[in-house]
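Please read the structure below before turning to the comments.
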Amino acid sequence: MNAANQMDKKLLVFLGLLGLSFLLLIIASFIPLSAPTDVFKLILLAVAVAANVLAFSSRYYIYLILPLFEQRRKNIVINDQSPYWLSSTSDAILQKEGDDFIATVYINIPLYRSATEMSDEDKLNFAQQVSRLVGISKEPTRFTTQLYVMNKDSYIQKLRDTITLVEEEEAKLVTGNAPQSEIERVRGKASMWRKMLDNVGKGSSLELSSFASLSARGGKEFEAISLAQQKAREMMSGIGATFGVSPNVVLGNELLKFVEPEYLIPFSTISEQITKNIQEEVI
1 MNAANQMDKK
11 LLVFLGLLGL
21 SFLLLIIASF
31 IPLSAPTDVF
41 KLILLAVAVA
51 ANVLAFSSRY
61 YIYLILPLFE
71 QRRKNIVIND
81 QSPYWLSSTS
91 DAILQKEGDD
101 FIATVYINIP
111 LYRSATEMSD
121 EDKLNFAQQV
131 SRLVGISKEP
141 TRFTTQLYVM
151 NKDSYIQKLR
161 DTITLVEEEE
171 AKLVTGNAPQ
181 SEIERVRGKA
191 SMWRKMLDNV
201 GKGSSLELSS
211 FASLSARGGK
221 EFEAISLAQQ
231 KAREMMSGIG
241 ATFGVSPNVV
251 LGNELLKFVE
261 PEYLIPFSTI
271 SEQITKNIQE
281 EVI
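According to this note's numbering, the residues represented by the sequence shown are 1 to 283, in order.
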């Protein structure tokens with residue numbers, strides 16, 4: 001919804017609740033004082049006070065109050081603007097804040113060393129490198145190392161297709177009276193692919209990713225992207241000099257790993273894990 005509609009709804013909710021409060025107070029004032037009506041009068045006064053409090057609170061809590069009045073609708077629209085979208089160059093995530101555009105660029109930092117394999121001196125040197133990394137940019141930059149659940153569905157499907165082709169090859173050799181050695185070779189190949197499929201599908205695989213993200217603001221979409229890309233180039237040169245690696249800007253759908261939970265933990269992978277847990281409980 002745009003700002004004008006939002007303001008109209010705020011005013012409408014405020015006046016409606018305030019009017020309800022005054023109406024209930026007027027009704028309560030005309031009810032005579034007597035034992036049977038005292039309880040009803042107290043209820044009206046309590047509701048009037050509650051409506052009055054909600055009216056003056058609606059300025060700050062309209063996002064909570066408004067859905068209460070619209071809950072009978074099938075669809076409640078909190079905001080009709082997209083929270084973010086991919087840039088046309090597929091190297092930044094964009095969002096709009098007021099009249100400005102904010103472009104965020106993610107830089108992949110390929111680190112190939114693990115703390116479990118480092119000596120105490122190596123750990124100290126690595127900590128010093130990270131300290132220098134933080135001081136590379138004067139702009140606000142976020143450095144993160146995060147574990148992702150790998151989506152292995154496409155790889156598993158390739159293994160299944162390969163197994164199917166090998167089984168068809170075996171069937172042709174058997175029906176064609178091929179030499180036994182050739183048949184055994186193909187059967188060994190099929191057994192190898194089946195074992196690989198079993199090992200891959202046993203559990204979830206995790207991917208460790210280190211990255212830096214920085215943002216830039218601009219009056220136009222291309223202006224924000226251009227500024228963010230310039231900052232990213234400066235940051236990548238500093239990262240490369242510090243760690244001796246070749247960082248790269250994250251492109252395309254890989255960017256969604258940073259903003260979409262389904263890419264962080266793939267939906268199909270979650271389904272497979274839930275199914276596996278249910279089967280284990282049944283067994």
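Note that the Cβ used here is the ideal one computed from N, Cα and C, for glycine as well.
C-alpha distance - residue i paired with residue j, whole-angstrom precision
i: proline 110; j: alanine 171; result: 45 Å
i: proline 179; j: methionine 196; result: 26 Å
i: aspartate 244; j: alanine 228; result: Contrary to the premise, residue 244 reads as glycine rather than aspartate in this sequence. Those two C-alpha atoms are separated by around 23 Å.
i: leucine 165; j: lysine 152; result: 20 Å
i: valine 53; j: leucine 11; result: 15 Å
i: serine 215; j: threonine 141; result: 8 Å
i: valine 105; j: serine 213; result: 6 Å
i: valine 130; j: serine 90; result: 28 Å
i: phenylalanine 14; j: isoleucine 31; result: 26 Å
i: glutamine 230; j: methionine 236; result: 10 Å
i: asparagine 199; j: alanine 224; result: 46 Å
i: leucine 251; j: methionine 192; result: 35 Å
i: glycine 19; j: phenylalanine 40; result: 20 Å
i: alanine 320; j: arginine 59; result: Lying outside 1 to 283, the shown extent of the chain, residue 320 is not represented and no answer is given.
i: serine 246; j: glutamate 234; result: 13 Å
i: alanine 232; j: serine 57; result: 43 Å
i: glycine 240; j: glycine 176; result: 59 Å
i: lysine 96; j: valine 134; result: 28 Å
i: serine 29; j: serine 21; result: 12 Å
i: leucine 17; j: valine 259; result: 38 Å
i: glutamate 254; j: threonine 162; result: 27 Å
i: arginine 132; j: aspartate 122; result: 15 Å
Residues that residue i bridges to, as DSSP identifies them
i: phenylalanine 56; result: None, per the DSSP bridge assignment.
i: leucine 86; result: Ile93
i: valine 249; result: Ile107
Residue span of the beta strand (DSSP E) that contains residue i, given as start and end
i: glutamate 207; result: 206-218
Where the alpha helix (DSSP H) through residue i begins and ends
i: leucine 227; result: 221-243
Minimum Cβ-Cβ distance from residue i to chain C less than 7 Å
i: isoleucine 239; result: Note that chain C does not occur in the displayed structure, where there is just one protein chain.
Should the stretch 170-189 be called in touch with the stretch 204-217, which here means at least 3 C-beta pairs below 8 Å?
-> no
Touching or not, the stretch 43-52 and the stretch 19-28, by the rule of three or more beta carbon pairs under 8 Å?
-> yes
Complete beta strand (DSSP E) runs within the stretch 92-178 (minimum length 3 residues, chain order) = 93-97, 100-108, 141-149
Between the stretch 135-150 and the stretch 207-225, do three or more beta carbon pairs fall short of 8 Å?
-> yes
Stretch pair the stretch 218-238 + the stretch 95-108: three plus CB contacts closer than 8 Å = yes
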